[in-house]
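K.L.:
Which chain is which? The protein sequence lines are A and B, in order.
Each residue of the first sequence is one higher than the one before, starting from 1 at the first, in the UniProt record's numbering.
Each residue of the second sequence is one higher than the one before, starting from 1 at the first, in the UniProt record's numbering.
Yeah, the Cβ is synthetic: ideal placement off N, Cα and C, and Gly gets one too.
Number of protein chains: 2
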Amino acid sequence: MPEAPFVPVIPAGGSGSRLWPLSRRERPKFLLDLTGTGSSLLEQTIERLLPLADAPPVVVTGAVHRAAVEEQAAGRARVIAEPSPRNSMPAIALAAAVVEREMPDAVIGSFAADHLVADTAAFAEDVRAARAAAEDGHLVTLGIVPTHPATGFGYIERSTAPVASVLERAGALPVSRFVEKPTREVAEEFLASGRFLWNAGMFVVRARVLLDELAVQIPPLPEGVRRIAAARGTAQEQEVLEEVWPSLLSIAIDHALAEPLAARGRVAVVPARFDWDDVGDFAALARQLRSPAAGGGVRTVGAADGTVRAEGVDGAGDGAGGGGDVRVLGTATVDAVGSRATVYGATHRHVALVGLDGITVVDAEDALLVLDEDHAQELTRIVSALSGAGRDDLR
Amino acid sequence: MPEAPFVPVIPAGGSGSRLWPLSRRERPKFLLDLTGTGSSLLEQTIERLLPLADAPPVVVTGAVHRAAVEEQAAGRARVIAEPSPRNSMPAIALAAAVVEREMPDAVIGSFAADHLVADTAAFAEDVRAARAAAEDGHLVTLGIVPTHPATGFGYIERSTAPVASVLERAGALPVSRFVEKPTREVAEEFLASGRFLWNAGMFVVRARVLLDELAVQIPPLPEGVRRIAAARGTAQEQEVLEEVWPSLLSIAIDHALAEPLAARGRVAVVPARFDWDDVGDFAALARQLRSPAAGGGVRTVGAADGTVRAEGVDGAGDGAGGGGDVRVLGTATVDAVGSRATVYGATHRHVALVGLDGITVVDAEDALLVLDEDHAQELTRIVSALSGAGRDDLR
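What follows is the structure in structure tokens.
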């Protein structure tokens, strides 16, 4: 059983441009209730981690989102605002420095604010295993067992070296390397080998180990965040933050810490036994909404659930029938004929769907998206183009 | 050359529920500028017929549409309002009676208010040919040479009997029968035989012949409309109209006149040399908008035409390119990636399309339609269902 206190860290960043126009710069993905549960992804993340925490989770977010994050945290988490985005390493390192100052032996666990995990019991078990390995000085990651040769995730390769007894007891495996998003061909090799796991950006490590190991490669970074942490609650807090933060190297935790430590045999992985989804685009979201676990806020067109839908119109069922499968989130009323589709209605307009197959419709006040889920990744091109078209107001 | 005066008749009825939510009960298809020409289908019909007319065209429409029709007619046509809908025969017969009273020898030509004809010169030639045959006492129809085994139109079968010299001079052919919308199998036989034409509901006939022949089968109908016509402009006009109109048999001209006369060898057909489209659904409309003849109000996403569309986003071209083909009508701004689609934007929202193939989007203030053009006919099921769903406000 783990002995050191455990403090969750939740980096809440990223705009989720593959979910535009649901997610916007001002209202990014982690603040949204994407699956009709009644809770945002951030709120679900806090709720999932709270039972495991020995101190309130630390959410690190951009200054512009501080107020919204504090509102959703509702006193259940501490919120640290970054003056400007500097990628994941400075954010997590700052949280580690704040935790280390109060609980020098603490283990932190960093989990993105915008991922979905339904099986919280299995998640808790795996975190417990990771904590045990982390107490032994490892950087421990939770790796997702791949189900297909995904090219949108980085991979973690398990070492073929013998497993040390401390890891074996914890149920963790040594890691030989981290690999960035591969080509399709390489991803297929990875999948076939059985040695690779998806990198979901979940890291469990002693706060002090994180900072000390970071000092090996990038000394100014742990030094800077320790200075900021030391100044917190003093009259110099803001001054130090504004002086130090802009000087910190903008770098991801994978490059700054995980890869160098893996090369030195200091990384372990716990293969996750829980389900996981990064809800990376509308295809992933549609899969979530069509799964039996979809939240109560998701209405199925055709069911006796109060959806406005008239006699004689198909589109009913839960995926089993031939008539279609339409899931509706939000305020729109929907009629459908022979369609498999997902509708996010932010307006009260009546939406009619005819003959669609795998289409997502987002009906927002200022923008309308119609997307074929097989091309969900291409949405980023629309969002990047909005600036060029002088429509930053829509981003 | 025809000698009798010619008066066009334009029945303006039908709601066009296959074009919902563009067309509504209050604003039916014939009042809409569907193709971005700047003129509604009714206005285009009036403009096409005016040069051929020896007296102002007579538009027969429902009382609820009278004001809108008079506004679009703008003094170029006479408008007769039906107190209630009674199908096409009473409407055309009433127009015939009004024309007969003023010009007893006149030939009328009845053309639907909501069809598209681009080649007006060829149309004028064919109407002239039909007039010549009509002066000889025939009911003359303009038949459309079929391009595919359509099941959505009635058919006209040419007789194999020898062509009378009067018809031969006019370029018309004797008709043996009218056939209602066939099954696919039958339509294929019709197409293969080379003897069948589509029935586009275009009839050219002397007003007096129409009424007299109608009297053979349904005496009260010509008697009634002649009474209404006689009362026009008198103090009894409204009284007679309200007394007689509800008593008239509700029947289509095909059944009331064309079929009985064909059986008696009194119908001729002029095979149309003009293009024709009844714009019967969104698939037909999409074909029109993607044709080179599409009106100037249609914007092509990707062309240098002022459409808001940013660098790096595909969706350009005129159908030739692989990137897509998106036509936009209305006020919406559109960005598209790899899509073949049609957008009718009645709002100022920004519309984004990703990976669509053959999709029509109608973005109205109160309703949103997303339709696969291969299933365009199924839209009627949505519209019929709106009443059942208590949404008559949307019809």
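I'd like the span of the alpha helix (DSSP H) that includes Val186 (chain B), first residue to last.
P.N.:
Its alpha helix (DSSP H) spans residues 184-193.
K.L.:
Taking C-beta to C-beta, are Gly358 (chain B) and Ala346 (chain B) nearer than 7 Å?
P.N.:
No, these two residues do not count as a Cβ contact at 7 Å.
K.L.:
At 8 Å on the CB atoms, spell out the chain A contacts of Gly338 (chain B), in chain order.
P.N.:
Within chain A, the residues near Gly338 (chain B) are His375, Glu378.
K.L.:
Opposite Arg177 (chain A) in the DSSP bridges: which residues?
P.N.:
Arg177 (chain A) pairs with A:Glu157.
K.L.:
For my contact list, Val107 (chain A) and Phe203 (chain A) are in at a C-beta cut-off of 8 Å; report their separation, rounded to the angstrom.
P.N.:
Rounded, the Cβ-Cβ distance is 11 Å, inconsistent with contact.
K.L.:
According to the neighbour-count rule (16 or more other Cβ atoms, all chains shown, within 10 Å of its Cβ), is Val205 (chain B) buried or exposed?
P.N.:
So Val205 (chain B) counts as buried.
K.L.:
Could you give the residue range of the alpha helix (DSSP H) that holds Phe282 (chain A)?
P.N.:
282-290 is the extent of the alpha helix (DSSP H) around Phe282 (chain A).
K.L.:
What's the C-alpha gap between Gly109 (chain A) and Val64 (chain A)?
P.N.:
If I take the Cα positions, the gap works out to 24 Å.
K.L.:
Applying a beta-carbon distance threshold of less than 7 Å, which residues of chain B neighbour Arg349 (chain A)?
P.N.:
Within 7 Å Cβ-Cβ: Asp366, Ala367, Leu368.
K.L.:
Please tell me whether Ala352 (chain B) has its Cβ less than 7 Å away from any Cβ of chain A.
P.N.:
Taking Cβ atoms only, chain A reaches closer than 7 Å to Ala352 (chain B), which makes this a yes.
K.L.:
Residues bridged to residue 409 (chain B) by DSSP?
P.N.:
Summary: the structure shown does not reach residue 409 (chain B), with chain B confined to residues 1 through 395, and so no result is reported for it.
K.L.:
Rounded to whole angstroms, what is the Cα-Cα separation between Asp119 (chain A) and Ile80 (chain A)?
P.N.:
Approximately 28 Å between the Cα atoms of the pair.
K.L.:
Under 7 Å, do Val267 (chain B) and Leu261 (chain B) count as touching if we go by C-beta distance?
P.N.:
Contact flag set, yes.
K.L.:
Check whether the region 368-385 of chain A touches the region 5-21 of chain A, counting contact only when three or more Cβ pairs, one atom from each stretch, lie closer than 8 Å.
P.N.:
Contact holds: three or more Cβ-Cβ distances are below 8 Å.
K.L.:
What residues of chain B sit near Ile382 (chain A), judged by a beta carbon separation below 9 Å?
P.N.:
By Cβ distance, chain B contributes Ala310, Val313, Asp335, Ala336, Val337, Ala352, Leu353, Val354.
K.L.:
Would you call the region 42-51 of chain A in contact with the region 65-85 of chain A, where contact means no fewer than 3 C-beta pairs closer than 8 Å?
P.N.:
Segments in contact, yes.
K.L.:
Helix, strand or coil for Pro220 (chain A), going by three-state DSSP, please let me know.
P.N.:
It is helical.
K.L.:
Report the residue from A:Leu210, A:His138, A:Gly338, A:Glu373 whose alpha carbon sits nearest the alpha carbon of Val99 (chain A).
P.N.:
Minimum Cα distance to Val99 (chain A) is reached at A:Leu210.
K.L.:
With a CB to CB cut of under 7 Å and the five nearest residues on each side skipped, what residues in its chain are close to residue 401 (chain B)?
P.N.:
What the structure shows of chain B is the stretch from 1 to 395, and residue 401 (chain B) is not part of that stretch, so it cannot be assessed.
K.L.:
Taking the alpha carbon of residue 416 (chain B) as the reference point, which residue from B:Ala389, B:Phe190, B:Val140, B:Phe153 has its own alpha carbon closest?
P.N.:
Residue 416 (chain B) is absent from the model: chain B starts at 1 and stops at 395.
K.L.:
What does Val361 (chain B) reach in chain A if we use C-beta pairs closer than 8 Å?
P.N.:
Result: Leu368, Val370.
K.L.:
Among the residues of its own chain, which have a CB less than 8 Å from the CB of Val216 (chain A), if the five just before and after it don't count?
P.N.:
Pro260, listed in sequence order.
K.L.:
Would you grab the beta carbon distance between Val60 (chain A) and Ala12 (chain A) for me? Rounded to a whole angstrom, and I think it's under 8 Å.
P.N.:
Contact flag correct, Cβ pair sits at about 7 Å.
K.L.:
Measure how close the beta-carbons of Ala258 (chain B) and Phe190 (chain B) come, nearest whole angstrom, since I'm counting them as under 8 Å.
P.N.:
Not a contact, Cβ separation roughly 17 Å.
K.L.:
So which residues of chain A does Leu394 (chain B) contact, with C-beta pairs closer than 8 Å?
P.N.:
Here the neighbours are His350.
K.L.:
Would you check if the distance between the CB atom of Leu368 (chain B) and the CB atom of Arg349 (chain A) is smaller than 7 Å?
P.N.:
A contact, by the Cβ cut-off of 7 Å.
K.L.:
Distance, Cα to Cα, Glu188 (chain B) vs Ala129 (chain B)?
P.N.:
Rounded to the nearest angstrom, the two C-alpha atoms are 29 Å apart.
K.L.:
Among B:Leu197, B:Ala294, B:Glu213, which has the Cα closest to the Cα of Phe153 (chain B)?
P.N.:
Comparing Cα positions, the closest option is B:Leu197.
K.L.:
Kindly indicate the opening and closing residues of the beta strand (DSSP E) around Pro271 (chain B).
P.N.:
267-271 is the extent of the beta strand (DSSP E) around Pro271 (chain B).
K.L.:
Enumerate in chain order the residues of its own chain whose CB-to-CB distance from Val370 (chain A) is below 7 Å, with the five nearest sequence positions on each side excluded.
P.N.:
Closer than 7 Å at Cβ, skipping near neighbours: Ile359, Val361.
K.L.:
Using a threshold of 7 Å, state whether the C-beta atoms of Ala272 (chain B) and Asp126 (chain B) are closer than that.
P.N.:
The answer is yes: Cβ separation under 7 Å.
K.L.:
Take the Cβ of Leu34 (chain A) as the centre, count every other Cβ of all protein chains shown within 10 Å, and call the residue buried at 16 or more, exposed below.
P.N.:
Buried, by the Cβ-count rule.
K.L.:
Do Arg158 (chain B) and Arg195 (chain B) have their beta-carbon atoms positioned less than 7 Å apart in this structure?
P.N.:
Yes, these two residues count as a Cβ contact at 7 Å.
K.L.:
As a quick exercise: from B:Gly62, B:Ala93, B:Leu289, B:Gly36, pick the residue whose alpha carbon is nearest that of Pro8 (chain B).
P.N.:
Ranking B:Gly62, B:Ala93, B:Leu289, B:Gly36 by Cα distance to Pro8 (chain B) puts B:Ala93 first.
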